[in-house]
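K.L.:
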Amino acid sequence: MIEGELYDIPEAVLRDSLLPAEPRELELGEIELADGSTVNAMLLVPSRLEAGDKVVDIAELGGFRNYQAFLAANERLDETLGR
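Residues in the sequence shown are numbered from 158 upward in steps of one, following our numbering.
Following this line, the structure appears as structure tokens:
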């Protein structure tokens, strides 16, 4: 299971502001939640990746916020170690 965040966003804002700002390797799709309901989500489209693109599987970390915390902790460690 991966933690996520749910937002109630007007369709116009999603279409006109948020979707155009997403990286080209992501697209809007649907996922099923633990309660069985479905919601829109940004999904990776592997065929849109190019050689050299850096993609990280965050599933083992449990979600994007945990991934961000992981990066921040490693940045602090690098600073402490003088890297």
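Where is the CB? At the ideal position from N, CA and C, for every residue including glycine.
Quick caveat: nothing in here was measured; it's all calculated off a predicted structure.
What did DSSP end up calling A226 once you bin it into helix, strand or coil?
P.N.:
Sequence index remark: in the sequence shown, residue 226 carries index 69 (1-based). Three-state result, A226: helix.
K.L.:
Taking the C-alpha atoms as reference points, what is the distance between L175 and D235?
P.N.:
Numbered from its first residue, the sequence shown carries residue 175 at position 18. Numbered from its first residue, the sequence shown carries residue 235 at position 78. C-alpha separation (whole angstroms): 33 Å.
K.L.:
Specify, as a first and last residue, the run of the beta strand (DSSP E) that A200 falls within.
P.N.:
Here residue 200 refers to the residue found at position 43 of the sequence shown. The identity of residue 200 in the sequence shown is Leu, whereas the question assumes Ala. Per DSSP, L200 belongs to the beta strand (DSSP E) from 195-201.
K.L.:
Output the boundary residues of the beta strand (DSSP E) element that contains I188.
P.N.:
Position 31 of the sequence shown holds residue 188. Note, I188: beta strand (DSSP E), 183-189.
K.L.:
Taking the straight line between their C-alpha atoms, what separation do you get for E184 and L228?
P.N.:
Taking the sequence shown and counting its residues from 1, one reaches residue 184 at position 27. Taking the sequence shown and counting its residues from 1, one reaches residue 228 at position 71. C-alpha separation (whole angstroms): 24 Å.
K.L.:
Roughly how many angstroms separate the alpha carbons of A178 and R240, rounded to a whole number?
P.N.:
Within the sequence shown, residue 178 is the residue found at index 21, counting from 1. Within the sequence shown, residue 240 is the residue found at index 83, counting from 1. Answer to the nearest angstrom: the Cα atoms are 32 Å apart.
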